[in-house]
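Worksheet for the structure shown next.
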Amino acid sequence: MENDWSKYRDKIVGLGEHSLRKSYYPELQEKIDKLEASQKNLQTIINSISDAIIIHDSSGCILSLNEHAKKLYNIGDNEIKQYTIHDITSPNQEGGDLSATWNNVLNNTPQVFEWLTLQINTNKELPVQVSINHTIWDGKPAIVAVVRDFTERKIFEQELILAKEKAEEANKLKTEFLHNLSHEVRTPMNGIIGFAEMLEDPDLSNEMRINYSKIVQNSSFQLLKIIDDILEISSLETKQIKVKKEEFCINSLLMALFSQYSVKSQERDIPIYIKKGLPQHQSKIISDKSKLAKILSNLLENAIKYTNEGFIEMGYRVENQTVVLYVKDTGIGISPENSDKIFERFSQEEKDMSRKYGGLGLGLSIAKENAKLLGGDIEIISEKGRGSVFYVSIPYEPSGNRVHDVSKSLWNKDEETQNKRYKILIAEDEEVNYLYIEALLEGNSKFNLIHAKNGKEAVDICMNDNSIDLVLMDIKMPVMNGHEATKRIKSKYPDLPVIAQTAYSTKLDKELALKHGCDDFLSKPLKKEVLLKLINAYLVTE
Ligand code: ADP
Numbered sequence: 012m013e014n015d016w017s018k019y020r021d022k023i024v025g026l027g028e029h030s031l032r033k034s035y036y037p038e039l040q041e042k043i044d045k046l047e048a049s050q051k052n053l054q055t056i057i058n059s060i061s062d063a064i065i066i067h068d069s070s071g072c073i074l075s076l077n078e079h080a081k082k083l084y085n086i087g088d089n090e091i092k093q094y095t096i097h098d099i100t101s102p103n104q105e106g107g108d109l110s111a112t113w114n115n116v117l118n119n120t121p122q123v124f125e126w127l128t129l130q131i132n133t134n135k136e137l138p139v140q141v142s143i144n145h146t147i148w149d150g151k152p153a154i155v156a157v158v159r160d161f162t163e164r165k166i167f168e169q170e171l172i173l174a175k176e177k178a179e180e181a182n183k184l185k186t187e188f189l190h191n192l193s194h195e196v197r198t199p200m201n202g203i204i205g206f207a208e209m210l211e212d213p214d215l216s217n218e219m220r221i222n223y224s225k226i227v228q229n230s231s232f233q234l235l236k237i238i239d240d241i242l243e244i245s246s247l248e249t250k251q252i253k254v255k256k257e258e259f260c261i262n263s264l265l266m267a268l269f270s271q272y273s274v275k276s277q278e279r280d281i282p283i284y285i286k287k288g289l290p291q292h293q294s295k296i297i298s299d300k301s302k303l304a305k306i307l308s309n310l311l312e313n314a315i316k317y318t319n320e321g322f323i324e325m326g327y328r329v330e331n332q333t334v335v336l337y338v339k340d341t342g343i344g345i346s347p348e349n350s351d352k353i354f355e356r357f358s359q360e361e362k363d364m365s366r367k368y369g370g371l372g373l374g375l376s377i378a379k380e381n382a383k384l385l386g387g388d389i390e391i392i393s394e395k396g397r398g399s400v401f402y403v404s405i406p407y408e409p410s411g412n413r414v415h416d417v418s419k420s421l422w423n424k425d426e427e428t429q430n431k432r433y434k435i436l437i438a439e440d441e442e443v444n445y446l447y448i449e450a451l452l453e454g455n456s457k458f459n460l461i462h463a464k465n466g467k468e469a470v471d472i473c474m475n476d477n478s479i480d481l482v483l484m485d486i487k488m489p490v491m492n493g494h495e496a497t498k499r500i501k502s503k504y505p506d507l508p509v510i511a512q513t514a515y516s517t518k519l520d521k522e523l524a525l526k527h528g529c530d531d532f533l534s535k536p537l538k539k540e541v542l543l544k545l546i547n548a549y550l551v552t553e
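Those letters in the sequence shown? Residues 12 to 553, per my numbering, in order.
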């Protein structure tokens, strides 16, 4: 920072040689030396200050900058006078004209304010705090601005605001959770107390006694689940939960879950369908079975709870060394803006929801944290009013060091094998019945099974795929029955064998089926030998 002191010094120095001056004006020279030394000191101090110091006139023209200011604004030593305060003010700064403030300052009123400045050349915005005061520069009134970089402080402030908002939100959620908890505990407790009392009635019929005792049992299970969830959340919080890897078969796990939830889903008239991504013998993996079961249970429970009509489908596929399991429903759905929020603890899409559907808002956060423990994650694709699909991805670790070429996608079998196999379309609306047929044919690698959930789906599949070799057609199905479906399929493929399979096996049923184009007829429950024999007869597989 140079001022015009040098000019006066030069005038005095102009009197002659240093030694000459010294002998004639020893006192003056001493003063000059002292002044020079103190100016240097002052300059050193000003340049070592970690704030930027700018001196400018009342129109904003920059007169001088300390070293820190030059660095902050990217201004070179020779460029100082080219710039004004306006050049280093961000266009995003509201009320960017400081003329009125400067006038006040020149009238002896210092000011402190926050400002958005701009770095020359890079145009980088810098939030700063500015303290301005009046001064005299080269004998004229000027303004000295001390500028402190606030970038880090602003980031810190922002973090603090976010943390505060989060803490407030968590607090709000916890309060809501306690209200919910009281409601969720009271409901089954009332059931238990009320019906346990009624069980004491000596005149109660046996049938009613069984009903009441069922209610007591169900309410107790509901309470247990609440306690389990709360305990699990606190164990997850304290990181006490360990992963226990073991070998297990995904297909069997899906089947176990299917049988666990099928009664509940039947009660609500919402069928559950299973889509297995790998044949039984290839579906063994290494992971934590009970955690995966817990994750899928939570998703299935929600799917049943939040679906009023339609169906639920659970399945998986293997891709890029990852097992992607999914639970799909045709329920109430979630709007995209809430699809992250619902994975947070205690959070529910709508507050009224807990009253209507019950629940504490813990299931998904438990599921997500467990998925993360398995090295995976959960994602959701959903549409309000149309349904949701929850995807659980976990690392694919096949058991027994068997290496599968997953890059070829095991979802579809490789072409060579597929060519040798017979495609059998099974039209069956009851998932249990389909799973039964699948189990009967499972051991036979010659069959590639496709599932249609009603007659219309069976027709659509056949219309789009002319490589189907045989159809096993249930007769009583929703949307389109087996008779109509067979008629339509036969009109396009008269030679495609269609075998009717139905629980109604009177002579008339048989005749009706044959009349609608079926080639043969099987009565349920199907017997393995009979089924294989008939399929063999049509496909000549041996
Ligand atoms: P809870 O079901 O006990 O409320 P969850 O953590 O399991 O808690 O789910 C959180 C919220 O996510 C639910 O309250 C609901 O709003 C939403 N949700 C979860 N699963 C579904 C689903 N299958 N369909 C629609 N909404 C869902």
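In this text, a Cβ means the ideal position worked out from N, Cα and C, and glycines have one as well. The structure displayed is predicted, hence computed values, not measured ones.
Check: Can the beta-carbon of residue 345 be found closer than 8 Å to that of residue 360?; Outcome: yes
Check: In its own chain, which residues sit with a C-beta less than 8 Å from the C-beta of residue 165, not counting the 5 before and 5 after it?; Outcome: 138
Check: Please report how far the alpha carbon of residue 169 lies from the alpha carbon of residue 177, in whole angstroms.; Outcome: 12 Å
Check: Check each candidate in 101, 64, 107 and 115 and name the one with the smallest Cα separation from residue 91.; Outcome: 64
Check: Do residue 192 and the ligand ADP come close, with the Cβ less than 7 Å from some heavy atom?; Outcome: no
Check: Taking 7 Å as the line, does the beta carbon of residue 314 fall inside it for any heavy atom of the ligand ADP?; Outcome: yes
Check: Express the C-alpha separation of residue 432 and residue 197 in angstroms, rounding to a whole number.; Outcome: 57 Å
Check: Could you check if residue 276 is buried or exposed, using at least 16 other CB atoms within 10 Å of its CB as the buried criterion?; Outcome: buried
Check: Suppose only complete runs of 4+ residues qualify. What are the alpha helix (DSSP H) ranges in the stretch 332 to 405, listed by chain order?; Outcome: 362 to 368 and 374 to 384
Check: Can you tell which of 512, 212, 204 and 208 has the C-alpha that lies nearest to the C-alpha of residue 231?; Outcome: 204
Check: My output table needs one value for residue 294: the three-state DSSP class, helix, strand or coil.; Outcome: coil
Check: Just checking, does the stretch 338 to 354 make contact with the stretch 392 to 404 on the three C-beta pairs under 8 Å criterion?; Outcome: yes
Check: For the beta strand (DSSP E) that residue 284 lies in, which residues bound it at each end?; Outcome: 283 to 286
Check: For the stretch 452 to 461 and the stretch 499 to 516, state whether three or more C-beta atom pairs, one from each stretch, are separated by less than 8 Å.; Outcome: no
Check: Give me the Cα-Cα distance between residue 512 and residue 479, rounded to the nearest whole angstrom.; Outcome: 18 Å
Check: At a cut-off of 7 Å, is residue 228 close to the ligand HEM when judged by its beta-carbon and the heavy atoms of the ligand?; Outcome: Inclusion of the ligand HEM in the displayed structure is not the case, the ligand content consisting of the ligand ADP alone.
Check: Check whether the stretch 464 to 483 touches the stretch 434 to 451, taking contact to mean three or more Cβ pairs, one atom from each stretch, closer than 8 Å.; Outcome: yes
Check: Give the straight-line distance between the Cα atoms of residue 38 and residue 121, rounded to the nearest whole angstrom.; Outcome: 39 Å
Check: What does the alpha-carbon distance come out to for the pair residue 424 and residue 382?; Outcome: Below a pLDDT of 50, predicted positions are generally treated as unreliable, and residue 424, at 39, falls in that range; the measurement from the model is reported next regardless. Residue 424 and residue 382: Cα-Cα distance of roughly 28 Å.
Check: Run the CB neighbour count on residue 313, radius 10 Å, all protein chains shown included, and call it buried at 16 or more, exposed below.; Outcome: buried
Check: Quick one: grab the DSSP three-state call for residue 527.; Outcome: coil
Check: Closer than 7 Å by C-beta to residue 384: which residues in its own chain qualify, once you throw out the five before and the five after it? Chain order, please.; Outcome: 252, 254 and 302
Check: Measuring only the C-alpha atoms, how far is residue 427 from residue 459?; Outcome: Note on residue 427: pLDDT 44, under 50, position unreliable in the model; the coordinate value appears next. Residue 427 and residue 459: Cα-Cα distance of roughly 13 Å.
Check: Quick check on this structure: which residue in 509, 154 and 446 has the alpha carbon closest to the alpha carbon of residue 466?; Outcome: 509
Check: Whole angstroms is fine: what's the gap from residue 93's alpha carbon to residue 84's?; Outcome: 13 Å
Check: So, are the CB atoms of residue 262 and residue 291 less than 8 Å apart?; Outcome: yes
Check: DSSP has residue 136 in a bridge; who is on the other side?; Outcome: 129
Check: At the level of alpha carbons, what is the spacing between residue 352 and residue 219?; Outcome: 43 Å
Check: Under the assumption that residue 565 contacts residue 159 (Cβ atoms under 8 Å), give the Cβ distance between them as a whole number of angstroms.; Outcome: The chain is shown from 12 up to 553; residue 565 falls before or after that span and cannot be answered.
Check: So residue 156 packs on residue 67, CB below 8 Å; how close in whole Å?; Outcome: 7 Å
Check: Could you compute how far the alpha carbon of residue 241 sits from the alpha carbon of residue 527?; Outcome: 57 Å
Check: Please work out which residues of its chain come closer than 8 Å, Cβ to Cβ, to residue 553, disregarding the five sequence neighbours upstream and downstream, and give them in chain order.; Outcome: Because residue 553 carries a pLDDT of 47, less than 50, the predicted location of this residue cannot be relied on, and the following value inherits that uncertainty. Excluding sequence neighbours, residue 553 sits near 547.
Check: Near residue 377, what residues of its chain come up, given a Cβ to Cβ distance below 6 Å and the 5 sequence neighbours on each side ignored?; Outcome: 243
Check: Which of the three DSSP states, helix, strand or coil, is assigned to residue 106?; Outcome: coil
Check: Among 299, 316 and 296, which one has its Cα closest to the Cα of residue 283?; Outcome: 316
Check: What did DSSP end up calling residue 484 once you bin it into helix, strand or coil?; Outcome: strand
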